[in-house]
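So the protein lines, in turn, are chains A and B.
According to the numbering used here, the residues represented by the first sequence are 53 to 339, in order.
According to the numbering used here, the residues represented by the second sequence are 77 to 366, in order.
One structure below.
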Amino acid sequence: MMNQTKVGGNKRKIANIVAMAGLIIIFIAYMFPFLMVVINSLKQKRDIIKSPFSWLFTIKGLSFDNFVKAFTQMDFLNAFKNSLIVTVSATVLVTILAAMLAYYIVRHNNAVSKATFALMVASMIIPFQAIMIPLVSIYGGTLNVLNHRITLIFMHTGFSMAMSVFMFHGFIKGNVPIALEEAACIDGCTHTRTFFQIVLPLLKPIISTMVILNALAFWNDFLLPSLVLTDKKLLTLPLSTYSFYGTYSADYGTIMAGLLLCVLPILILYVVLQKQIIGGVVAGAVK
Amino acid sequence: MKSNHKIKDFGIFALPGMFCFFAVVIIPFIYGVYLTLTDWNGVSQTKNFIGLANFAGVMQDKQFWSSLLLTFKYVIVVVILVNVIAFGIAYLLTRGIKGQNFFRAGFFTPNLIGGIVLGYIWQFVFSRVFVGIGESTGWSLFETSWLSDPNKAFAALVLVSVWQLSGYMILIYVAGFMGLSEDVMEAASIDGASGFAKLKNIILPLMMSSITICLFLTLSRAFMVYDVNLSLTSGGPYGSTEMAAMHVYEKAFTSRQFGVGQAEAFILFIVVACISGLQVYLTKKQEVEA
Numbered sequence: 053m054m055n056q057t058k059v060g061g062n063k064r065k066i067a068n069i070v071a072m073a074g075l076i077i078i079f080i081a082y083m084f085p086f087l088m089v090v091i092n093s094l095k096q097k098r099d100i101i102k103s104p105f106s107w108l109f110t111i112k113g114l115s116f117d118n119f120v121k122a123f124t125q126m127d128f129l130n131a132f133k134n135s136l137i138v139t140v141s142a143t144v145l146v147t148i149l150a151a152m153l154a155y156y157i158v159r160h161n162n163a164v165s166k167a168t169f170a171l172m173v174a175s176m177i178i179p180f181q182a183i184m185i186p187l188v189s190i191y192g193g194t195l196n197v198l199n200h201r202i203t204l205i206f207m208h209t210g211f212s213m214a215m216s217v218f219m220f221h222g223f224i225k226g227n228v229p230i231a232l233e234e235a236a237c238i239d240g241c242t243h244t245r246t247f248f249q250i251v252l253p254l255l256k257p258i259i260s261t262m263v264i265l266n267a268l269a270f271w272n273d274f275l276l277p278s279l280v281l282t283d284k285k286l287l288t289l290p291l292s293t294y295s296f297y298g299t300y301s302a303d304y305g306t307i308m309a310g311l312l313l314c315v316l317p318i319l320i321l322y323v324v325l326q327k328q329i330i331g332g333v334v335a336g337a338v339k
Numbered sequence: 077m078k079s080n081h082k083i084k085d086f087g088i089f090a091l092p093g094m095f096c097f098f099a100v101v102i103i104p105f106i107y108g109v110y111l112t113l114t115d116w117n118g119v120s121q122t123k124n125f126i127g128l129a130n131f132a133g134v135m136q137d138k139q140f141w142s143s144l145l146l147t148f149k150y151v152i153v154v155v156i157l158v159n160v161i162a163f164g165i166a167y168l169l170t171r172g173i174k175g176q177n178f179f180r181a182g183f184f185t186p187n188l189i190g191g192i193v194l195g196y197i198w199q200f201v202f203s204r205v206f207v208g209i210g211e212s213t214g215w216s217l218f219e220t221s222w223l224s225d226p227n228k229a230f231a232a233l234v235l236v237s238v239w240q241l242s243g244y245m246i247l248i249y250v251a252g253f254m255g256l257s258e259d260v261m262e263a264a265s266i267d268g269a270s271g272f273a274k275l276k277n278i279i280l281p282l283m284m285s286s287i288t289i290c291l292f293l294t295l296s297r298a299f300m301v302y303d304v305n306l307s308l309t310s311g312g313p314y315g316s317t318e319m320a321a322m323h324v325y326e327k328a329f330t331s332r333q334f335g336v337g338q339a340e341a342f343i344l345f346i347v348v349a350c351i352s353g354l355q356v357y358l359t360k361k362q363e364v365e366a
């Protein structure tokens, strides 16, 4: 850390106080929208229209009615369940498959490995928009498998495969000694058992990074699920927020409560796992 | 026996992952190239081969070019603002002040939330809260909703994007600042380097690898903006804030011109690939070792 208290002295102290004050002001500005959501989710519509930024203690009609209404109208529990199923399954699937594929590529230096890896790295530059139209055409037209959770899970897995393999590849190359596997091999352990019992436990740091990155992306994704799922019963949280907003956009209090409900699960997780999430995101970007 | 083993290993370890990747990314991508040469409308069973007619259609689609131009404008403003602001905040955060972790975590919060929800939150702020402030203070800037005026709606979109993306970049820049060697900084101070000289001659060159990453991430994300665009302005008022990614979506799924839409998506892909490739090449050249 750039801690230079020795060099500056008093001047340094004043500069730090100014920096702190500046940071606090910027921070409040950053948090302002969230504050507005929380405050207005507890107000009634007429109070919001009268003055959206009035503080809570100045109004009387404070209540949790908005939350009750949003909770039932959004079918929150169902959407939450859908998001959870999709996110958890896709995250588990991509983590295991990507780790195995990356392990294969590192240990088998053949033409197929090299070509696959090169193709994956190159594909990371392709934006989703360049694929979505043929994707819908193939899976919606030819195969006719849209509107199934499993299709969405499969697609999430496929889309995050390249990035995940790339990350696992780098980690396995640098941190997993081949000697361990050779020892296991001599002891008669099959390749599959070697991987799951010896290699996979060594991958813990990179697994936690990839789980965080992928799970966040799956949980919040809108465009892909909106193309795959249209059945009301299957909608994930971002999708049901979208349709909920379309119906209630004038009912500000309910909307604010709905938005807050959406954000809440992830914020709770963030409070608990803050260190791991921040660490994971930094590790994911810097590699 | 041995080759049998090899095939089994390939089947267990490599094949499932490769299958997902090829089925979802590579095959649709190749099929997409083929789609640009057909007149498919999304419903009909038949697709006629029409050569490069779709690209001619793209040439005539004035809206596409204006949305691409607008996207360029948006990307330039967002990339500059996000990186300058994130760099500045990261600099302030790493001066050894208290609560660094708290601030860092707070600034990152918007990144945990999907663009759709963020756009709706800000829609409320722009159309109700700011207007409320305008009414009670008489401040003309906030008198009407920003989202109903084309120029201000663009500014609103930029503001939200900068707010959303900067937290992520702060994390990367903070990691970069923490990696700066204290010895080098101290040596510069002893040699009497001023704050600005230190920034220009020491901090910036040593931070170049963080800058490469941040520019790449902001560039690719800004070019592909969709969620916030949809929920904040949905292209309005009067299509004045419709970015390229949204235009592609509309072209294909609303106007049902899949061939033209895919051709536009393809052009967008080439543009983004070239620009971010060029950016990585240029900034990587500037990287130095301490």
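Glycine is no exception: its CB is placed at the ideal position from the N, C-alpha and C atoms.
Per DSSP, reduced to three states, the secondary structure at B:Thr-122 is coil, with no helix or strand assignment. The DSSP-derived three-state label of A:Thr-246 is helix. The count of Cβ pairs closer than 8 Å, one atom from the region 126-144 of chain B and one from the region 238-253 of chain A, stays below three, leaving the stretches out of contact. Taking B:Phe-183 as the centre and dropping the five residues before and after it, the same chain places the C-beta of Gly-243 and Ile-246 closer than 6 Å to its C-beta, in chain order. Near chain B, meaning a CB-to-CB distance below 8 Å, the residues of the region 216-231 of chain A are Val-217.
A:Thr-288 is not a Cβ neighbour of B:Val-193, given a cutoff of 9 Å. For the pair A:Lys-133 and A:His-208, the Cα-to-Cα distance works out to about 17 Å. Interface flag for A:Ile-250 against chain B is unset, since no Cβ pair is found closer than 9 Å. Under a criterion of Cβ atoms nearer than 8 Å, the residues of chain A adjacent to B:Ser-352 are, in order, Ile-177. Residue-level contact check: B:Ser-142 does not touch chain A, since none of the beta carbons of chain A fall below 9 Å from its beta carbon. When only Cα atoms are considered, B:Thr-185 and A:Gln-326 end up about 10 Å apart.
Comparing alpha carbon positions, the residue from B:Leu-282, B:Phe-272 and B:Lys-361 closest to B:Met-254 is B:Leu-282. Distances from the alpha-carbon of B:Glu-318 to those of B:Asn-227, B:Gln-240 and B:Phe-105 put B:Asn-227 closest.
Across the set B:Leu-308, B:Asp-259 and B:Thr-220, the C-alpha of B:Leu-308 shows the shortest separation from the C-alpha of A:Tyr-297.
Using a Cβ distance threshold of 9 Å, B:Ser-286 and B:Tyr-249 count as a contacting pair.
Taking a cut-off of 8 Å for Cβ pairs, the region 156-164 of chain A and the region 302-317 of chain A do not touch, as fewer than three such pairs fall below it.
The Cβ of B:Asn-130 sits no closer than 9 Å to any Cβ of chain A.
Using a Cβ distance threshold of 9 Å, B:Trp-222 and B:Phe-200 do not count as a contacting pair.
The contact set of B:Tyr-249 on chain A, defined by CB atoms closer than 7 Å, is empty, because the minimum CB distance reaches about 10 Å.
For B:Asp-85, the nearest CB of chain A lies under 9 Å from its own CB, placing it at the interface with that chain. Annotated three-state conformation of A:Thr-209 is helix, per DSSP. Identification of residues in the region 70-85 of chain A having a C-beta nearer than 7 Å to some C-beta of chain B yields Ala-71, Met-72, Gly-74, Leu-75, Ile-78, Phe-79, Tyr-82, Met-83 and Pro-85, given in sequence order. Neighbourhood of B:Ala-90 in chain A, by CB distance below 7 Å: Leu-153 and Tyr-156, in chain order.
Here DSSP, grouped into helix, strand and coil, assigns A:Thr-203 to helix. In the three-state reduction of the DSSP assignment, B:Thr-170 falls in the coil class.
Interface criterion not met: the Cβ of B:Arg-332 is under 9 Å from no Cβ in chain A. Taking 4 residues as the shortest admissible run, the region 79-136 of chain B contains the following complete alpha helix (DSSP H) segments, listed from N- to C-terminal end: 91-97, 103-111 and 129-136. The residue from B:Ala-273, B:Ile-289 and B:Phe-230 with its alpha-carbon nearest to that of B:Val-301 is B:Phe-230. Annotated as distal: A:Ile-230 and A:Tyr-155, with beta-carbon spacing of 9 Å or more. Under the DSSP assignment, B:Gln-199 falls in the alpha helix (DSSP H) whose first and last residues are 191-200. Counting the other CB atoms within 10 Å of its CB gives B:Cys-96 a total of 16 or more, which places it among the buried residues.
Neighbours of B:Val-201 across chain A, judged by C-beta separation under 8 Å: Phe-84, Pro-85 and Met-88. CA-to-CA, the gap between A:Phe-116 and B:Phe-89 works out to about 52 Å. In this structure, the beta-carbon distance from B:Val-101 to A:Ile-178 falls below 9 Å. Chain B has no Cβ within less than 9 Å of the Cβ of A:Met-126. Rounded to whole angstroms, the Cβ separation of A:Val-334 and B:Ala-251 is 5 Å, and the two are in contact under 8 Å.
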